[in-house]
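Sequence lines, in order, name chains A and B. Residue numbering for the first sequence is 275 to 394, as defined by our numbering. Residue numbering for the second sequence is 275 to 394, as defined by our numbering. Positions of the beta carbon are idealized from the N, C-alpha and C atoms, including for glycine. Just so we're clear, the structure is a prediction, and the values are computed from it rather than from any experiment.
There are 2 protein chains.
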Amino acid sequence: MRDAMEDRTELVVCTTCRLPGAPPDAPGDGARLSAALAARGIPHRRQECLSACTRGCAVVFRGPGRWTYVQGALDPDRHLPDLLEMIRAYAQAPDGVVPWRQRPEVIRKNTIARIPPMEP
Amino acid sequence: MRDAMEDRTELVVCTTCRLPGAPPDAPGDGARLSAALAARGIPHRRQECLSACTRGCAVVFRGPGRWTYVQGALDPDRHLPDLLEMIRAYAQAPDGVVPWRQRPEVIRKNTIARIPPMEP
């Protein structure tokens, strides 16, 4: 996995996110998502709050020269395979734009924002 | 204004955004927002669709070494002064984090996402 995730891409995971309706005393869903990725050796950056709280769990895909994608609604109990698939696909897309059909459904349906690369 | 908007900051404006409930045959609100900024000589980058369509009009504040903010609900007929104020404040915040009290209300209430700066 580390080979596929090229150095110039970065996954940012919100560690304070909770899924809509999550009980307030339950372990944080974003923190669980980060732990699940770490357990699989998937490099990512942990961030407290991406200000996308109503659409958690949220993550960001980004890298120099690439489109940035803010994604939400990722349930660590259901969507880990989708997230891993998207990490791989994003790393393989030179401009960060993963072809629509290659995006897992949870990604297609829950793009919170996309941001064009900075001009060189 | 150009002096205040330092070179290393960039405002990206979605030109395809429409305000919620806007009639489909009306001129696009995002395009109008861009035109209003251009008429005042405010530099910005025009982008077709930031994938924040349900929360238009959307813009992005960003710059190297700064937090990126995706903001929504900007009405070109009501919020231009707020946007100009935020452009100025963002340019003056070295890390891109404008103190809460300095953020216009439409900015405080409609942050769609915030993204930390890339690590150096």
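Mapping the DSSP letters down to three states, classify residue i as helix, strand or coil.
| i | result |
| --- | --- |
| B/E359 | helix |
| B/R388 | strand |
| B/Q376 | helix |
| A/L307 | helix |
| B/T283 | coil |
How about residue i and residue j: do their beta carbons lie closer than 8 Å?
| i | j | result |
| --- | --- | --- |
| A/D303 | A/C331 | yes |
| A/P378 | A/W341 | no |
| B/R292 | B/P350 | no |
| A/R388 | B/S325 | yes |
| B/G402 | B/G370 | Outside the displayed range of chain B (275 to 394) lies residue 402 of chain B, so it cannot be described from this structure. |
| A/L311 | A/V287 | yes |
Tell me which residues share the same chain as residue i and place their Cβ nearer than 7 Å to its Cβ, disregarding the 5 neighbours each side in the sequence.
| i | result |
| --- | --- |
| B/H353 | V380 |
| B/D277 | Because the pLDDT at B/D277 is just 41, under 50, the model does not fix this residue reliably, and the point stays unresolved. |
| A/T290 | G302, G304, E322 and C323 |
| A/D299 | none |
| B/S308 | V287, T289, H318 and R320 |
Cutting at 8 Å between CB atoms, please list the residues of its own chain near residue i, excluding the five before and the five after it.
| i | result |
| --- | --- |
| A/M360 | F335, Q345, V372, R377, P378 and I381 |
| A/K383 | A347 |
| A/R319 | E284, L285, V286 and V287 |
Keeping to the same chain, check which residues put their C-beta closer than 6 Å to that of residue i; ignore five residues upstream and five downstream.
| i | result |
| --- | --- |
| A/A363 | V372 and Q376 |
Next item on the list: At 4 residues or longer, and completely inside the region 310-369 of chain A: list those alpha helix (DSSP H) runs for me, N to C.
Entry: For the region 310-369 of chain A, whole alpha helix (DSSP H) runs of length 4 or above, ordered along the chain, are 354-366.
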